[in-house]
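Report on the structure given below.
In UniProt numbering, the protein residues as written are 1 to 504.
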């Protein structure tokens with residue numbers, strides 16, 4: 001008796017070949033099972049069947065078996081199997097139709113509403129020097145739009161929608177369970193929202209679905225409003241953080257400016273440097289004294305010229321200089337000229353010994369004495385003026401030398417003072433710029449510069465978006481049932497056709 005593990009069991013099965021295999025070897029003697037068992041121990045298969053080759057039987061038998069069941073797939077056999085199992089096909093078609101009806105009845109409908117937003121990559125330019133940078137590069141603009149697009153489905157925006165519409169209590173959004181109602185509503189809402197950007201523009205298509213058309217529109221509008229509010233709040237928070245950081249820095253800068261200015265004043269006091277209108281007092285004093293010296297020198301030169309003319313050896317020059325400086329001298333010279341004219345005229349008419357002519361000579365001598373006295377007085381006055389001008393010039397010149405020496409001594413200290421003043425001025429400039437920037441940031445918090453515009457408002461959908469229409473679902477169910485039934489019919493028909501051959 002042979003078990004399943006006998007080494008010759010498989011070979012014995014090959015010897016029991018099907019009729020097609022016998023037809024191949026009709027010219028050779030056939031080996032019976034008894035002869036095979038008789039010569040099994042000797043392994044002499046050639047005694048049982050001379051000329052038999054086991055290597056040729058395996059491929060011929062397998063080829064015959066494969067071609068046998070493949071030949072069953074003919075048009076007549078297929079139609080025959082379908083007709084034979086038409087009840088199975090009818091049953092699967094009915095099941096498919098019932099499944100389609102059940103799907104339509106128990107599947108919640110979805111109503112999808114759509115909206116379009118124009119999301120500009122840059123904000124509105126409301127101020128000249130905004131704290132938020134505006135990037136003109138296209139790649140950066142695309143990244144900015146993609147970031148804003150991601151913000152539509154962010155947790156903050158969805159949480160605003162859930163809170164505003166109270167979706168945590170809506171059964172459609174998981175409101176039946178008391179625990180984690182808000183989180184369930186957020187998860188359900190996130191699955192019902194889709195936002196995509198057009199590849200060639202900054203238009204964003206937004207779709208929202210729910211079980212009610214009006215609810216879909218309400219959610220979409222609230223989502224757009226929450227998105228715009230979130231963008232505005234992001235700018236407000238950013239401006240607030242900037243203002244807070246600037247104000248915190250302003251206090252430190254104020255202390256630094258006060259220290260720098262105090263250092264400048266201390267240096268001035270220690271070195272005796274006094275300034276007026278941004279200029280040292282010593283330099284101002286030296287400039288003023290220098291101007292006075294120039295004026296004194298001009299007066300000295302003028303006094304020297306007058307005194308020289310008055311002390312000239314030429315009488316005519318002395319008279320002209322005296323008359324130029326004295327009105328009395330001018331009047332005396334005029335009187336002298338008139339008397340001399342009278343003397344000449346009367347002398348020519350009356351003669352030199354006429355009494356009237358003799359009466360004029362004392363008057364002429366008196367005027368001449370007055371002229372000489374006036375000349376002496378003018379010379380003395382000119383000399384006094386010259387001495388005064390010379391003294392003033394010498395005094396101012398000495399004062400100028402002293403002032404210049406002070407300026408020279410303070411030059412090195414002045415250089416250090418200028419360095420300290422520049423440092424104080426630089427810190428003061430930074431302090432003022434920070435103050436202006438902080439004020440701008442505080443004002444920027446009150447300005448909504450977001451550049452998002454709704455170009456297509458969400459409208460209530462007329463038809464449901466899912467599931468499709470009943471005719472399509474029913475046709476799909478019937479078709480699926482027919483395909484399943486036809487497949488079963490073909491399998492059953494093929495199995496029945498192969499069963500007799502296996503039995504033979």
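Glycine included, every Cβ here is placed at the ideal spot set by N, Cα and C. Here the structure is a predicted model, which is why all the values come from computation and not from measurement.
Ranking 162, 298, 299 by CA distance to the CA of residue 226 puts 162 first. Cβ-Cβ separation between residue 230 and residue 156: approximately 6 angstroms, consistent with a contact (criterion under 8 angstroms). Contact annotation: the segment 198–215 touches the segment 104–120, with at least three C-beta pairs closer than 8 angstroms. With contacts defined as CB atoms closer than 8 angstroms, residue 100 and residue 476 qualify as a contacting pair. Listed in chain order, the non-local C-beta contacts of residue 223 below 6 angstroms within the same chain comprise 161, local neighbours out to five positions each way being set aside. Fewer than three beta-carbon pairs drawn from the segment 75–82 and the segment 182–202 are found closer than 8 angstroms, and the two stretches are therefore not classed as touching. Membership of residue 433 in the alpha helix (DSSP H) is indicated by the continuous run 411–444. By the criterion of a C-beta distance shorter than 6 angstroms, residue 488 is surrounded in its chain by 88, once the five residues flanking it on both sides are discounted.
The closest CA to that of residue 331, considering only 375, 302, 198, is found on 375.
Assigned with DSSP and collapsed to three states, residue 114 falls in strand. Three or more Cβ pairs drawn from the segment 376–394 and the segment 282–300 lie within less than 8 angstroms of each other, which places the two stretches in contact. In the structure shown, the three-state DSSP call for residue 85 is coil. Looking from the CA of residue 282, the closest CA among 419, 220, 399 belongs to 399.
With distances taken between CA atoms, residue 479 lies nearest to 97 out of 74, 97, 110. Residue 416 counts as exposed, since fewer than 16 other C-beta atoms from the protein chains shown sit within 10 angstroms of its C-beta.
A straight-line Cα-Cα distance of about 25 angstroms links residue 195 and residue 469. For residue 195, the pairing in a beta bridge is given by DSSP as 206.
Counting C-beta atoms within 10 angstroms of its own C-beta, residue 273 has 16 or more neighbours from the protein chains shown and is therefore classed as buried. In the structure shown, residue 469 adopts coil according to DSSP, grouped into three states. Under the DSSP assignment, residue 122 falls outside any alpha helix (DSSP H); it carries neither an H nor an E label. Of all C-beta pairs linking the segment 415–433 to the segment 235–245, fewer than three are shorter than 8 angstroms, placing the two stretches out of contact. With at least 16 other beta carbons inside 10 angstroms of its own, residue 170 counts as buried. Contact annotation, residue 110 with residue 464: C-beta distance approximately 6 angstroms; criterion of less than 8 angstroms satisfied. The same chain holds no residue with a CB closer than 6 angstroms to that of residue 140 once the five nearest residues on each side in sequence are set aside. Around the Cβ of residue 306, a 10 Å sphere holds 16 or more other Cβ atoms; the residue is buried.
For residue 160, the enclosing alpha helix (DSSP H) stretches over residues 155–165. Distance between residue 380 and residue 261, taken at the CA atoms: about 59 angstroms. Restricting attention to 265, 438, 335, the CA atom closest to the CA of residue 413 is found in 265.
By the Cβ-count criterion, residue 460 is exposed, with fewer than 16 other Cβ atoms from all chains shown falling within 10 Å of its own Cβ.
For the pair residue 243 and residue 426, the CB atoms are not nearer than the 8 angstroms cut-off.
Residue 456: not part of any alpha helix (DSSP H); member of the beta strand (DSSP E) spanning 452–456, first to last residue. With a threshold of 16 other beta carbon atoms within 10 Å, residue 382 meets it and is buried.
Its chain contains 121 as the residues whose beta carbon lies nearer than 8 angstroms to that of residue 142, once the 5 sequence neighbours on both sides are disregarded; these appear in chain order.
Only exposed fits residue 401, as fewer than 16 other CB atoms lie within 10 angstroms of its CB. Secondary structure note for residue 201: it is in no alpha helix (DSSP H), with a DSSP letter that is neither H nor E.
Under the three-state reduction of DSSP, residue 464 is assigned to coil, being neither helix nor strand.
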